Structure formats: structure tokens, C-alpha cells
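Novice:
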Amino acid sequence: MTQMFSDLGFVFEPLQLVELGLDIHLDWNRGIELISPIPGSTGEVAVSVTEFLERHGDGVFTVVIGVPEASRADAVAERYGATTRFRQRMEGEGTFLDENDVSILGLPLTFLATNIP
């Protein structure tokens, strides 16, 4: 999948979040993130992604929406019956990233608030 998007002109920054068990390819400029579980990882998110892949194969795991404040987006989604699947906050060296993964009306959404350019 990464190669296909690269062939379409996306330029990915590869990252590995060992604590979550994920390999990530991220193009901040064009706004796409591809994730895959690190083989054998037992991280909470890796297990969830592995289960998704086993059930559905490659596909859309979630749609990420940039928001000013993830907690405010959560509050709106909760009014419509959203359930939280995952929540994380990372910060350091002047940057932060809040990521809240919810399911609402059958749609997997991730609210992302960050000051990372």
C-alpha cells in the first residue's frame, strides 16, 4: 500500500511507535497516514490493527480528522452515541499530539489535535 501511494507522489516519513506496536508511514503535507502492526507486537493498538486486518484485509481502519481540541470533538461525538476505542497523548520538546479514536454511527473516526507542522 505504501508503494502505491508513493507512486502517486506521496512522500512518507517512516516512524515506528514500539510502545503501540505500529509501523507508520506519514505524509504530513498531503495528509495521509498508513499504519501496520509490528509483527509479533502485543501493543494494544497493534492487536486491534492485526484483528482488523485478519477480518477485513487491507482497508480503511479509521478516518483522521484534524481538530483544534480532541476533547471538544469527543464531547460532540458523544452526543451522537460515539464509543471510544483508543485515546493517547504525547508531548515533549514543545510539541503535542492528542489522538482520540472513536466509532460513531458505524464510522471509525480519529480526532487529531497537534502542533506538529
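Residues in the sequence shown are numbered consecutively from 0, following numbering that gives the first Met the number 0. Here a beta-carbon is modelled for each residue, glycine too, at the ideal position from N, C-alpha and C. Owing to the predicted nature of the structure, the values given are computational and were not obtained by experimental measurement.
When the Cα of glutamine 15 is compared with those of Leu25, Gly8 and Asp6, which residue comes out closest?
Specialist: On the sequence shown, position 16 is the one that residue 15 refers to. For the residues Leu25, Gly8 and Asp6, the minimum Cα distance to glutamine 15 belongs to Leu25.
Novice: Alpha carbons only, please: which of Val59, Gly8 and Leu21 is nearest the one belonging to glycine 105?
Specialist: Your numbering for residue 105 matches position 106 in the sequence shown. It is Val59 whose Cα lies nearest to the Cα of glycine 105.
Novice: For phenylalanine 11, which residues in the same chain have their Cβ closer than 8 Å to its Cβ, ignoring the five residues on either side in sequence?
Specialist: If you number the sequence shown from 1, residue 11 lands on position 12. Same-chain partners within the cutoff: Thr1, Phe4, Ser5, His24, Leu25, Asp26 and Leu33.
Novice: Give me the Cα-Cα distance between glutamate 50 and aspartate 22, rounded to the nearest whole angstrom.
Specialist: Counted from its first residue, the sequence shown places residue 50 at position 51. Counted from its first residue, the sequence shown places residue 22 at position 23. So the alpha carbons of these two residues sit roughly 16 Å apart.
Novice: Less than 8 Å separating the beta-carbons of arginine 84 and aspartate 97?
Specialist: Numbered from its first residue, the sequence shown carries residue 84 at position 85. Numbered from its first residue, the sequence shown carries residue 97 at position 98. In this structure, aspartate 97 does not lie closer than 8 Å to arginine 84 by Cβ.
Novice: Does glutamate 18 come out as helix, strand or coil in the three-state DSSP assignment?
Specialist: Here residue 18 is taken as the residue at index 19 of the sequence shown, counted from 1. Three-state DSSP puts glutamate 18 in coil, outside helix and strand.
Novice: Between threonine 94 and isoleucine 64, is the Cβ-Cβ spacing less than 8 Å?
Specialist: For the purposes of this step, residue 94 is taken as residue 95 along the sequence shown, with counting starting at 1. For the purposes of this step, residue 64 is taken as residue 65 along the sequence shown, with counting starting at 1. Taking 8 Å as the Cβ cut-off, threonine 94 and isoleucine 64 do not qualify as a contacting pair.
Novice: Could you tell me whether the Cβ atoms of proline 38 and valine 48 are closer together than 8 Å?
Specialist: As a working note, residue 38 is residue 39 in the sequence shown. As a working note, residue 48 is residue 49 in the sequence shown. No, the Cβ-Cβ distance between proline 38 and valine 48 is not below 8 Å.
Novice: What first and last residue would you give for the beta strand (DSSP E) that runs through methionine 89?
Specialist: By one-based count along the sequence shown, residue 89 stands at place 90. Start and end: 82 to 91.
Novice: Measuring CA to CA, which of Ile103, Phe9 and Glu43 is closest to alanine 74?
Specialist: For this step, residue 74 is matched to residue 75 along the sequence shown. When each option's Cα is compared against that of alanine 74, the closest is Ile103.
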